[in-house]
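A.B. asks:
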Amino acid sequence: MGRITLSKKQSIWGWVFVAPAAVLIFVLSFYPMLYAFVLSLQSGTGNNLKFAGFRNYVRLFQDRAFIAAVQNVFTYLVIQVPIMLFLALILASILNSKKLKFRGFFRTLIFLPCATALVSSALIFKSFFSIDGIINVALINLNVIKTPISFLTDPFWAKTVIILVITWRWTGYNTIFYLAGFQNIDTQVYEAARIDGASAMQQFFKITIPLLSPIILLTTIMSTNGTLQLFDEVRSITNNGGPGTATLTISLHIYDLIFRNVTQFGYGSAVSYSILIMVAILAFIQMKIGDKAS
4 MGRITLSKKQ SIWGWVFVAP AAVLIFVLSF YPMLYAFVLS LQSGTGNNLK
54 FAGFRNYVRL FQDRAFIAAV QNVFTYLVIQ VPIMLFLALI LASILNSKKL
104 KFRGFFRTLI FLPCATALVS SALIFKSFFS IDGIINVALI NLNVIKTPIS
154 FLTDPFWAKT VIILVITWRW TGYNTIFYLA GFQNIDTQVY EAARIDGASA
204 MQQFFKITIP LLSPIILLTT IMSTNGTLQL FDEVRSITNN GGPGTATLTI
254 SLHIYDLIFR NVTQFGYGSA VSYSILIMVA ILAFIQMKIG DKAS
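One rule links them: number in the working numbering = place in the sequence shown (from 1) + 3.
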């Protein structure tokens, strides 16, 4: 037998180190995904499942709760994500300024909500917006309203509270990405623009936005993915997506199908795959738009 060359040794040891992680990823991620797809082609309750083809996917378009959940999720997506990303961009621009004192403190403060436990932050907001919560008390004391607003049992206000919670929690997370992008932009670009007479607004839209477009695309895709899988905030604040289905999300509907109501593993898996399909389609569209913009 010939001697093993150094490059072959490196290749072998590389596979030795990579193999355990690859096995874990397959067992914990890819295998459940494949098994969920197999389940989505079956119908029945509990363990009494039988092959049903794509009937579960046809059922999606007849399920009023699922349709309501999709409408709610896209409402959050269309309203909350642009607001959150715009706020993150503005905050990153401010935090990147060399004139700002205590920048480290403010950066930590902005990121702090993201480090807070999801359930804890949701419960805090739930107490704020309850009938006897601090928001109603403040509005009454300021003579803005005469009677407390039932924020959590009114469809419009319940959605608004969810949007506020998500925005408060995840704006700082996206701010960090934009701040890293700002720090990679050569300051000489802005100096040249100022010499040419460009205003701060022109610099922001003509220099900052184009140079940060890859990061904006990344945060848009991540935020879209997170919004389509929204669960914790709604579960903690409005319990089951109430009032009625006003705040119901797709993930919460899956939870209801598999854990709360009569167990429907097949249909629940089909609903899960609907999220995957929506994420893939939206990510593809966003990447195409991003390519054209760049």
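All residues carry an ideal CB built from backbone N, CA and C; glycine is no exception.
On the premise that residue 193 lies in contact with residue 206, defined as a C-beta separation below 8 Å, what is that separation, rounded to the nearest angstrom?
C.D. replies: At roughly 6 Å, the Cβ-Cβ gap stays under 8 Å, so residue 206 and residue 193 are in contact.
A.B. asks: So for residue 232, helix, strand or coil by DSSP?
C.D. replies: Coil, per DSSP.
A.B. asks: Taking the alpha helix (DSSP H) that residue 107 belongs to, which residues open and close that run?
C.D. replies: Run containing residue 107: 106-118, per the alpha helix (DSSP H) assignment.
A.B. asks: Where residue 4 and residue 33 are concerned, what is the direct C-alpha to C-alpha distance, given to the nearest angstrom?
C.D. replies: Any reading at residue 4 is ruled out, since the residue's pLDDT is 46, under 50, leaving its predicted position unreliable.
A.B. asks: Shortest alpha-carbon distance to residue 44 belongs to which of 272, 289, 290, 291?
C.D. replies: Looking at the Cα atoms, 272 is the closest of the given residues.
A.B. asks: Could you tell me whether the stretch 221-233 touches the stretch 281-290, where touching means 3 or more Cβ pairs closer than 8 Å?
C.D. replies: Verdict: yes, contact present.
A.B. asks: DSSP three-state label for residue 178, please.
C.D. replies: Looking at residue 178 - three-state DSSP - the assignment turns out to be helix.
A.B. asks: Quick test of your reading: residue 253 and residue 216, contact by CB under 8 Å. State the CB separation rounded to the nearest angstrom.
C.D. replies: Contact flag wrong, Cβ pair sits at about 29 Å.
A.B. asks: I'd like the list of long-range same chain contacts for residue 10, defined as Cβ closer than 6 Å, with 5 residues on each side in sequence excluded.
C.D. replies: Here the set comprises nothing.
A.B. asks: Which word fits residue 190, buried or exposed, when buried means at least 16 other C-beta atoms lie within 10 angstroms of its C-beta?
C.D. replies: Result: exposed.
A.B. asks: Assign residue 111 to buried or exposed, taking buried as 16 or more other Cβ atoms, counted over all protein chains shown, within 10 Å of its Cβ.
C.D. replies: By the 10 Å Cβ count, residue 111 comes out exposed.
A.B. asks: Can you check whether the CB of residue 174 is closer than 8 Å to the CB of residue 94?
C.D. replies: Yes.
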